Each structure stands twice: as C-alpha cells, then as structure tokens.
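See structure below.
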C-alpha cells in the first residue's frame, strides 16, 4: 500500500532551489514517489517561506509573496494533501519526550508524529530522527532521502 509523504522543509527547499546541494536528488525522489501522494502542513509551508525568503539564505533570494505564489501553484497538484496541525507534542499519547535528546529534534519529531497520525511517512534529508520519540512510529513512517552512492 502506498503512503503519502509529508515533505520536510529541507525537501521543499531542495525542490524549489536549483542551486541546492540536493536539488537533483530531491527531484529524482519526487518523480519516483509523488503519485503515492505527498503532503505539506502549516509548519513545513511556513518553514519553506521563512528559509528561502531570508536574505541570509542567499541562493534563491525571493520575496515572500513570490514564494507563496510558487508554493500555491505546486500544491494545486492533484497528488497533494494538506495536513492541518492536529497533534500536540505535549500529549503523552503522541510523544515520549525521554527520547528527545536535543532541541534540534523537536521539529523533526513533530513532523514524524504528524505523518504517523496520518498513516504516512516523513520524507527528509535529516538523519538521526528518534523513532522511539513518537508513539507508534516505525521505520516505515520515515524516509531519509539520500544521494545515490
């Protein structure tokens, strides 16, 4: 059974930025997997706009309004799903905080929990996301996109 992929912020950035180190890898992965469905959520959409519109990002300096328009167009695809923020990391039925070692894992754990809730998977470039932190998460809920070796 195919599962919908929640695209992490880093995957969205790589898809939109032709100068991103993982641009080609992201496009290859997306071409192979998008028909199973893919999702965004408020956190990933906002994160994408925040990162790419930041002057410090440099590579794809674009006004937020232009990025919103490009993201809206991308999300009009029939294989896109929007997942509302409908979970709380503060809910012990969702997350076991004893497995979250640093502040760097908070957003990743949240996105993994959202993907798990929707019976999908988180598609990311991030390694080391603690599966044990999300109640019910297994390896099938996480896809780490890696360049071919």
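Numbering (this note's numbering), first residue to last: 23 to 171.
Just so you know, even glycine gets a beta-carbon here, dropped at the ideal spot from N, CA and C.
No experiment lies behind these values; they were computed from the predicted model shown.
Could you check where the beta strand (DSSP E) with residue i kicks off and where it finishes?
i, result
"residue 104", "102-104"
"residue 166", "164-166"
"residue 91", "Careful: residue 91 lies outside any beta strand (DSSP E), inside the alpha helix (DSSP H) at 86-97."
"residue 29", "27-29"
Could you check whether residue j and residue i sit closer than 8 Å to each other, using their CB atoms as the reference points?
i, j, result
"residue 107", "residue 63", "yes"
"residue 88", "residue 66", "no"
"residue 26", "residue 61", "yes"
"residue 28", "residue 145", "yes"
"residue 109", "residue 135", "yes"
"residue 90", "residue 35", "no"
"residue 39", "residue 74", "yes"
"residue 143", "residue 105", "no"
As a quick exercise: from the options, pick the residue whose alpha carbon is nearest that of residue i.
i, options, result
"residue 148", "37, 164, 115", "164"
"residue 111", "156, 70, 137, 36", "156"
"residue 153", "169, 127, 93", "127"
"residue 57", "76, 85, 86, 24", "24"
Which partner residues of residue i appear in the DSSP bridge assignment?
i, result
"residue 66", "DSSP lists no partner for residue 66."
"residue 61", "28, 103"
"residue 156", "117"
For the alpha helix (DSSP H) containing residue i, list its first residue and its last residue.
i, result
"residue 145", "Where residue 145 is concerned, there is no enclosing alpha helix (DSSP H), although the beta strand (DSSP E) it sits in stretches over 143-146."
"residue 139", "128-139"
"residue 53", "45-55"
For the ligand MG, I want to know if residue i counts as a neighbour, meaning its beta carbon is within less than 7 Å of at least one of the ligand's heavy atoms.
i, result
"residue 115", "Among the components of this structure there are no ligands whatsoever, and the ligand MG is therefore not found."
Using a Cβ distance threshold of 8 Å, determine whether the stretch 37-44 contacts the stretch 117-134, with at least three qualifying pairs required. Fewer than three pairs of CB atoms, one per stretch, sit closer than 8 Å, so the stretch 37-44 makes no contact with the stretch 117-134.
Does the stretch 72-81 come into contact with the stretch 93-102, if we say contact requires no fewer than three beta-carbon pairs (one atom in each stretch) closer than 8 Å? Fewer than three beta-carbon pairs drawn from the stretch 72-81 and the stretch 93-102 are found closer than 8 Å, and the two stretches are therefore not classed as touching.
Under 8 Å, with one C-beta from each stretch per pair, do the stretch 46-56 and the stretch 151-163 reach the 3-pair mark? Short answer: they don't touch.
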